[in-house]
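A.B. asks: Counting from 353, one number per residue, gives the positions in the sequence shown under the numbering used here.
The structure follows.
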Amino acid sequence: MADKVFKEIEDVIADYTGLSRKVLEIALLMKNNMIASREPDYSPEIWERIEDYVSPDEFERIGIFKESMDYKKYIDFNAKWAPTADWEGSFKRVTECGHLVFLELEERVTAEGATNIVNTLMVYDFNSAGKVRHLDVYMQEAPKDAVHPAYA
């Protein structure tokens, strides 16, 4: 099997416009906020910058465990989680269809000395004003035993 080679979000963002570009801008904001969360002058308020892209009154995020977060919970979640983990995301592809944008990344998260590598698919649903009203997050992850017993 050939190794997959992905690009950094910064290297592809100029190739996109419209809602796809907005989603990549959100991904860069998330990345930059994660980096900033490691600095001594970190302020959780930096997460509120995402309000430029979302509709706080409508926003709902459904996560990988089917948990639901409104805007405030989403901001609080990121503000608390960010200082505890290192995050990297490599671009795989983005697809725009009407008011929906599908972003695929390979994410690497290091926390408590362990690194987890996952494929993620995020589905961004935009309202008529071009703001995210709904976000669904899906994830693929290798089994902890490297090979699932069903495939052995």
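The beta carbon of each residue, even a glycine, is placed where N, CA and C say it ideally should be.
Give the range of the beta strand (DSSP E) segment to which VAL446 is assigned.
C.D. replies: In the sequence shown, counting from the first residue as 1, residue 446 sits at position 94. Taken as a continuous stretch (DSSP letters only), the beta strand (DSSP E) holding VAL446 covers 438–449.
A.B. asks: Short check: CB of GLU456 to CB of VAL470, under 8 angstroms?
C.D. replies: Looking up residue 456 in the sequence shown gives position 104. Looking up residue 470 in the sequence shown gives position 118. No, these two residues do not count as a Cβ contact at 8 angstroms.
A.B. asks: Evaluate the contact criterion for the segment 366–377 versus the segment 409–429: three or more CB pairs, one atom per stretch, below 8 angstroms.
C.D. replies: With a cut-off of 8 angstroms, the segment 409–429 and the segment 366–377 do not count as touching, because too few Cβ pairs lie within range.
A.B. asks: Just curious, the alpha helix (DSSP H) that ASP428 is in, first and last residue?
C.D. replies: The residue you call residue 428 lines up with position 76 of the sequence shown. Per DSSP, ASP428 belongs to the alpha helix (DSSP H) from 423–433.
A.B. asks: In the DSSP assignment, find the beta strand (DSSP E) that holds GLU412 and state where it starts and stops.
C.D. replies: Sequence index remark: in the sequence shown, residue 412 carries index 60 (1-based). First-last of the beta strand (DSSP E) with GLU412: 412–414.
A.B. asks: Does the segment 417–424 come within contact of the segment 444–461, defined as at least 3 CB pairs closer than 8 angstroms?
C.D. replies: Counting Cβ pairs under 8 angstroms, fewer than three are found: no touch.
A.B. asks: Using alpha carbons as the reference points, say which of GLU458, PHE454, PRO495, THR467 lies closest to LYS359.
C.D. replies: The count along the sequence shown starts at 1 and reaches residue 359 at position 7. When each option's Cα is compared against that of LYS359, the closest is GLU458.
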